[in-house]
Amino acid sequence: MFSRARKTPLAEWWWTVDRELLVALVLLMLCGITLSFAASPPVAERLGLSPWHFVVRHSLLSIPALAIMIGVSFMNPKMARVSALIVLIAGLVMMVLTLRYGIEVKGARRWLSFAGQSLQPSEFVKPAFAVIAGWLFAEKMVKPEMPAHTIAIALLGSIVTLLMLQPDFGQTVLVVAIWTALLFLSGISWVIIGILGLIAMAGAYAAYAAFPHIARRIDSFLGPDGGGSYQVDRALESMMEGGWFGRGPGEAIVRRYVPDAHADFVFSAAAGEFGILFCIVLVGLIGFIVLRSMLGAQSQLNLFSRLAVSALTIQFGLQSVINLSVNLSLLPAKGMTLPFVSYGGTSMLATAYAMGLILALSRRKPEERLTTGLPAYRSAVGTEAA
Amino acid sequence: MSADAFADSAPIALEGGRKVRKNLTRSRIQFAIAGLTLLFLIIAGRLVMLGMAEAADGYSGAVGGGANLVRAAIVDRNGEELAVDISVPSMFAEPRNIIDVDEAVEKLHAEMPELSRSFLRSRLDGDEGFVWLARELTPAQQNRLFNLGIPGIDFVTENKRFYPGGTTAAHILGAVNIDNQGIAGIERFLDRGGNMMSSAEDPSDPVSLSIDLRVQHAMHAELVSSMERYQAIAAGGVLLDVHTGEVIAMASLPDFDPNEPATALEEGRYNRVTAGTFELGSVFKTVTFAGALDSGLVSLTDSFDARYGVRFGRFTIDDFHGEHRILTVPEVFRYSSNIGTIRLMQTWGKDNFRSFLTRIGFDAPLPIELPETKRSTIAETFSEVGAATASFGQGLSITPLHMASAVAAFVNGGDLLPATMFPRSAEEAAELAVPVISEDTSARIRYLLRLNALEGSGTRMNAAAEGYRAGGKTGTAEKVIDGRYSTTKNFNTFVSVFPLDAPRYALVLFVDEPQAENERTGRTAGWNAGEASGRLIARVAPMLGVAPNFSEALDLALVPPELRRAEPEAVQAPVPVVRN
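Here it is as structure tokens:
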């Protein structure tokens with residue numbers, strides 16, 4: 463089936479896709495399921511659900527997630543771009559609808575209820591924006607006369623506006639980070655980077671001054687005795703409870719008291735059972751995925767693929783780093799999921815889509831040339847996508 | 015941001031420009047890789063740090079289950095244990111591991127009949143991972159239950175608080191809940207971060223209180239016997255060190271057994287010394303006298319007309335044991351004349367009186383470390399009649415501890431000290447002291463208290479505590495029952511100080527609704543609170559290092575100079591006539 467003798471789409475995929483990255487991603491999904499066993503039963507019990515509610519849903523969701531990831535990885539760059547465009551437009555429309563018809567949870571309107579399922583459109587907008595923005599930047603570099611930057615900034619502006627209206631500060635940070643990363647990668651001068659850095663600091667201060675809930679979180683982070691850091695305290699306790707090797711499955715106690723143990727704090731909740739060594743391995747796995755993807759991006763000859771993969775990877779990496787830092791009390795509490803590990807349907811499917819795009823765009827394409835930006839084998843080989 | 019900023023390289027040599035950019039993006043991606051790697055290394059480093067911290071502290075996850083909380087032992091000022099932790103087994107079940115629920119229910123019920131079948135069944139049915147069955151068992155019970163050999167039943171060792179003294183210091187110590195968290199008294203105070211008060215750096219060091227367990231026991235025992243003897247509904251007392259403000263003993267009846275914290279919830283078992291406010295009656299005259307004498311507007315040589323009652327509109331205030339003649343100031347005190355006290359207060363001024371009450375801390379919350387306290391009820395400003403009744407302690411409510419602190423200040427030279435449950439040195443006390451009256455006034459209050467013990471309402475007390483130079487004042491307050499002052503239900507207080515030649519301890523002891531012991535005895539404070547105080551002083555003075563001394567010279571030395579010539583016979587041999 464995977465024989466190289468004939469160029470079936472499957473064989474083509476198998477021999478060009480980054481298999482190490484694929485394996486690492488599947489491992490991460492398995493880790494997510496394992497951790498949900500540890501972290502989510504107490505939360506489910508607290509919510510009056512069956513103890514295995516979240517475990518079952520998490521596991522069941524992993525199947526479509528895997529399918530999406532592998533399915534998307536079959537796409538060629540052009541299809542990836544088109545799909546991203548569709549997802550981006552659909553996502554933006556849904557975000558507008560969210561503002562009007564969304565469900566309000568904890569003071570923010572981020573969720574759209576759809577046929578009994580709730581959906582967070584902004585999760586899908588993130589990777590789609592990364593790809594489209596990467597394409598715009600690449601176009602700008604190849605054809606400077608295109609108003610690509612203006613379009614990218616307009617897109618960014620509209621997404622940020624929609625996110626702040628929800629409000630969702632964490633996603634805003636990520637989206638802005640994607641755009642900034644692309645700017646940086648596309649080679650702007652260090653002077654401008656410095657200026658942007660100053661603007662970012664000013665923006666952070668403005669957010670602190672303008673949004674009371676952000677100010678509260680930062681204050682409670684800086685002054686741990688000031689109260690309000692209950693989540694972080696419990697998370698740290700849970701981390702330390704397990705020690706290096708953990709107390710073993712089902713044995714940890716503090717995890718029962720970790721709020722959001724199935725979602726944002728899954729990492730620390732699970733630490734009590736599996737131990738700090740396991741946590742280091744998990745961080746290593748995420749780090750491997752990030753570095754492997756970045757190296758994959760670097761080896762791409764196609765400018766669009768290179769920028770898009772980098773942007774997607776940076777989004778994945780930053781999101782993981784922020785979540786882990788909050789869990790380890792290195793950053794103030796911020797609602798951000800750990801990709802593939804935290805519970806959350808939309809987050810998992812959107813991550814699968816993003817990872818699928820990384821796999822698709824980082825496939826080895828030896829014939830490709832930078833000059834055209836298009837794969838040369840298109841005419842020679844015909845279709846390669848499934 | 016203008017788009018031109020990024021199109022810096024002019025597109026003259028397009029091919030070359032692309033190459034530069036190609037290399038540029040490549041090097042920029044390397045920067046990004048370096049940055050991300052750094053972030054992940056920081057996170058890994060933090061994890062290692064947490065792992066090391068765990069290894070260093072030997073953290074055992076004690077925080078999650080409150081049951082494992084270790085509490086510092088509480089000891090009295092001499093190191094006697096008042097509260098300690100003991101390890102006890104608790105039984106829990108893992109219902110998902112129980113094979114035969116019926117068998118388990120029958121066996122457990124046979125061994126521990128207090129666990130009903132329906133309770134056991136509801137606990138053991140299901141597939142939970144952990145349910146408590148019975149906590150704080152004895153080792154023998156554990157052994158028998160263990161030998162039943164039921165799978166899915168197990169034990170953990172918990173810390174249980176044990177109070178060797180039982181009820182002795184119940185209201186001081188308070189209690190802990192089943193998770194060993196303080197819920198009342200000093201235990202609660204310690205949990206709220208009050209540990210700073212103790213000198214103990216290490217939580218395993220015991221926390222030392224100012225209580226003297228021997229004195230505490232004597233007071234508790236004396237109150238128990240008084241309750242019975244006078245068929246009272248409640249009783250209480252507090253003994254203060256007048257120079258440091260330390261509480262040496264404090265008890266309130268009815269009390270509870272801290273080993274059975276649920277008993278504390280029964281009606282009326284609160285700590286009356288700190289959390290009960292009462293109209294204290296004539297003992298309050300001590301306050302009025304101290305303030306009036308200190309103002310200089312009244313002196314011991316003055317006299318007041320107590321021939322007729324004082325009229326306020328349709329009310330007339332009269333004396334309980336009316337002499338109905340002109341009385342000197344010491345006579346007003348020892349005959350406990352309401353009329354004389356009102357006249358004295360009026361000479362001083364009602365606003366001065368009111369501000370004096372604030373100065374001696376009656377408006378402020380009790381500075382004591384116990385969480386159970388109550389604020390006084392005193393009118394913001396006094397009306398004429400309000401000031402008149404307040405001067406003899408009716409119409410305003412304070413806690414007995416407020417009174418004790420004030421009396422301590424009146425006799426120690428005039429320094430008001432916040433009462434404390436923790437040991438305090440004389441130097442620490444000196445820093446906290448707030449002067450409220452002069453040393454001279456203090457000497458005059460000592461004289462009046464001793465005079466009252468020798469010739470006034472305190473003679474029954476003095477008879478019981480002969481030789482310990484105790485002095486005091488009675489208070490037989492009428493209780494408000496259904497909005498009226500009752501003539502049959504009294505709240506009796508006795509305020510005393512000993513030894514008066516060099517005061518060391520102040521005692522406030524009260525008996526609520528006492529009955530006469532027999533037909534020949536009275537119901538007023540001298541008969542019950544007074545006598546009980548005398549018995550208690552005689553019992554605890556030797557423990558506190560106060561030696562008896564029967565020399566009359568000591569009493570004569572108390573007489574202030576202005577009275578020595580005028581009334582040399584003022585403090586001669588005690589008269590056996592009893593006036594309450």
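Residue numbers (our numbering), protein chains in the order written: chain A, 463 to 848; chain B, 15 to 594. C-beta: ideal position from N, C-alpha, C; glycine also. From a predicted model like this one, the values you see are computed outputs, not experimental measurements.
9 Å Cβ cutoff met for residue i and residue j
i, j, result
"B/D365", "B/T403", "no"
"A/A733", "A/G708", "yes"
"A/L550", "A/L617", "yes"
"B/G548", "B/P414", "no"
"B/R206", "A/S648", "no"
"A/L645", "A/I655", "yes"
"A/R696", "A/D480", "no"
"B/T455", "B/F424", "yes"
"A/D726", "A/M798", "yes"
"A/L547", "A/I594", "yes"
"B/L237", "B/I186", "no"
"A/R519", "A/Y815", "no"
"A/Q762", "A/R754", "no"
"B/V612", "B/A232", "A question about residue 612 of chain B goes unanswered here, because the residues of chain B that appear run from 15 up to 594."
"B/Y519", "B/D255", "yes"
"B/A246", "B/N542", "yes"
"A/A542", "A/F586", "no"
Element boundaries [alpha helix (DSSP H), containing residue i]
i, result
"B/F512", "It is not in any alpha helix (DSSP H) - B/F512 instead sits in the beta strand (DSSP E) that spans 498 to 512."
"A/M557", "539 to 563"
"A/N785", "765 to 789"
"A/S580", "Careful: A/S580 lies outside any alpha helix (DSSP H), inside the beta strand (DSSP E) at 579 to 581."
"B/L463", "453 to 469"
"A/V517", "515 to 535"
"A/G665", "652 to 672"
"A/V743", "728 to 761"
"B/V229", "227 to 243"
"B/I412", "Note, B/I412: premise wrong, no alpha helix (DSSP H); not H, not E."
"A/W477", "471 to 478"
"B/V560", "B/V560 -> no alpha helix (DSSP H), and no H or E assigned at all."
Supposed contact pair residue j and residue i - C-beta distance, whole angstroms, cut 8 Å
i, j, result
"B/V102", "B/A87", "About 16 Å; that fails the 8 Å criterion."
"B/R460", "B/P517", "7 Å"
"A/E601", "A/A610", "5 Å"
"B/A539", "B/T488", "4 Å"
"A/A773", "A/G596", "5 Å"
Sheet register partners of residue i (DSSP bridge)
i, result
"B/P103", "B/T171"
"B/V573", "Answer by DSSP bridge pairing: none, since B/V573 is not bridged."
"B/I197", "B/I197 pairs with nothing; no bridge assigned."
"B/T434", "B/E260"
"B/D429", "B/P449"
"B/A124", "The partner list for B/A124 (beta bridge, DSSP) is empty, contrary to what the question assumes."
Opening and closing residue of the beta strand (DSSP E) in which residue i lies
i, result
"B/E492", "485 to 495"
"B/A265", "261 to 267"
"B/N319", "Checking the displayed sequence, the identity of residue 319 of chain B turns out to be Asp instead of Asn. 317 to 319 is the extent of the beta strand (DSSP E) around B/D319."
"B/L253", "248 to 255"
"B/T342", "340 to 342"
"B/R553", "It is not in any beta strand (DSSP E) - B/R553 instead sits in the alpha helix (DSSP H) that spans 545 to 554."
"B/T330", "329 to 331"
"B/F524", "519 to 526"
"B/R325", "324 to 326"
"B/V145", "145 to 148"
Interface flag, residue i vs chain C, CB-CB below 9 Å
i, result
"A/W597", "Given the protein chain composition of this structure (A and B), no chain C is represented."
Check whether the region 442 to 460 of chain B touches the region 280 to 293 of chain B, counting contact only when three or more Cβ pairs, one atom from each stretch, lie closer than 8 Å. no
Given 8 Å as the limit, is there contact between the region 526 to 543 of chain A and the region 812 to 829 of chain A, that is, 3 or more CB pairs closer than that? yes
Would you call the region 726 to 745 of chain A and the region 508 to 515 of chain A in contact, with 3 or more CB pairs under 8 Å? no
Across the region 503 to 513 of chain B and the region 230 to 243 of chain B, are there enough close Cβ pairs to call them in contact, namely three or more that are closer than 8 Å? no
Count the C-beta pairs between the region 339 to 353 of chain B and the region 289 to 303 of chain B that are closer than 8 Å, then say yes if the count reaches three, no if not. yes
Are the region 430 to 446 of chain B and the region 254 to 268 of chain B touching, with three or more C-beta to C-beta distances below 8 Å? yes
Pair every Cβ in the region 331 to 340 of chain B with every Cβ in the region 559 to 566 of chain B, then say whether three or more of these pairs are closer than 8 Å. no
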